[in-house]
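Take the working numbering: the final residue in the sequence shown is number 182, and no numbers are missing along the way.
Note that the Cβ used here is the ideal one computed from N, Cα and C, for glycine as well.
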Amino acid sequence: MKFLIVLFTLFAFSSALKCHKTDNGTVASSDCPADDTKCSGPVFMEYTGIVDATVLYNCGECTANQTANETCVECASDDCNAIVAGEDFMCDAYEFKIDAFVKSETQETCKRLEATAANCKLPGAKATAADSFSSSCGVCTQATLDDGTCMNGSVAAVFSTVLALFVLFNLL
């Protein structure tokens, strides 16, 4: 009988939910108190990154304010609030001048999850200032592809073009 009590006690402690928690600026997996049934953490928007850096990884639910502002997400399995970010990548930035978009002298830093491809987009032939082409990170929606205001590109295409110029001018 004592063996069953010890086994039950070990099982009860080992079945506690594990969540990623922020502790002094460091995020790591931790055991949660037995009464916590959810993990919470910041929302990650593809190609933009964490929506609100003040939202911490935690055991328990998001605050009402975080939920209302859509800056926090909840889940209910071990370490489900972990964000596995991929490498940042760069996309050319575009700005509207006179009557068309032109490539800016700067590039944008794009954020992504590890499983997400690095994609860049560019203004389409029918893009106007009113279209508010604000970011070249990510992919175009089907609607913007269909109406000609956006075109999908790729980080590989940008790299290939730069590599071709280096080869052409024997800079390698």
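Can you have a look at LEU27 and say buried or exposed, based on whether 16 or more other CB atoms are within 10 angstroms of its CB?
-> Locating residue 27 in the sequence shown gives position 17, counting from the first residue. Under this definition LEU27 is a buried residue.
Taking the continuous beta strand (DSSP E) assigned at ASN162, which residues delimit it?
-> The residue labelled residue 162 in the question sits at position 152 within the sequence shown. Looking at the DSSP string, the run of the beta strand (DSSP E) that includes ASN162 is 160 to 162.
May I ask which residues mark the beginning and end of the alpha helix (DSSP H) holding ALA78?
-> To locate residue 78, count along the sequence shown from 1; it is residue 68. Segment 74 to 78, the alpha helix (DSSP H) holding ALA78.
Beta-bridge partners of ILE60, as assigned by DSSP = For the purposes of this step, residue 60 is taken as the residue at position 50 of the sequence shown. Paired residues: PHE54.
Pair within 8 Å by beta-carbon distance, ASP46 and CYS72 | Reading the sequence shown from its first residue, position 36 is the one you call residue 46. Reading the sequence shown from its first residue, position 62 is the one you call residue 72. Taking 8 Å as the Cβ cut-off, ASP46 and CYS72 do not qualify as a contacting pair.
Residue nearest to SER50 in terms of C-alpha spacing, selected from THR126, LEU66, THR36, SER39 = For the purposes of this step, residue 50 is taken as the residue at position 40 of the sequence shown. Here the closest residue by C-alpha is LEU66.
Tell me, which residues are paired with ALA38 by DSSP?
-> Here residue 38 refers to the residue found at position 28 when the sequence shown is read from its first residue. According to DSSP, ALA38 bridges with LYS31.
Per-residue burial, LYS113 [other beta carbons within 10 Å of its own, 16 or more giving buried] = Your numbering for residue 113 matches position 103 in the sequence shown. Flag for LYS113 reads exposed.
Between MET55 and the rest of its own chain, which residues show a CB-CB distance below 6 Å, the 5 nearest in sequence each way excluded?
-> Counted from its first residue, the sequence shown places residue 55 at position 45. These residues qualify, in order along the chain: VAL61.
PRO133 Cβ short of 7 Å to the ligand FMN heavy atom set | Ligands displayed in this structure: none; no statement on the ligand FMN is therefore possible.
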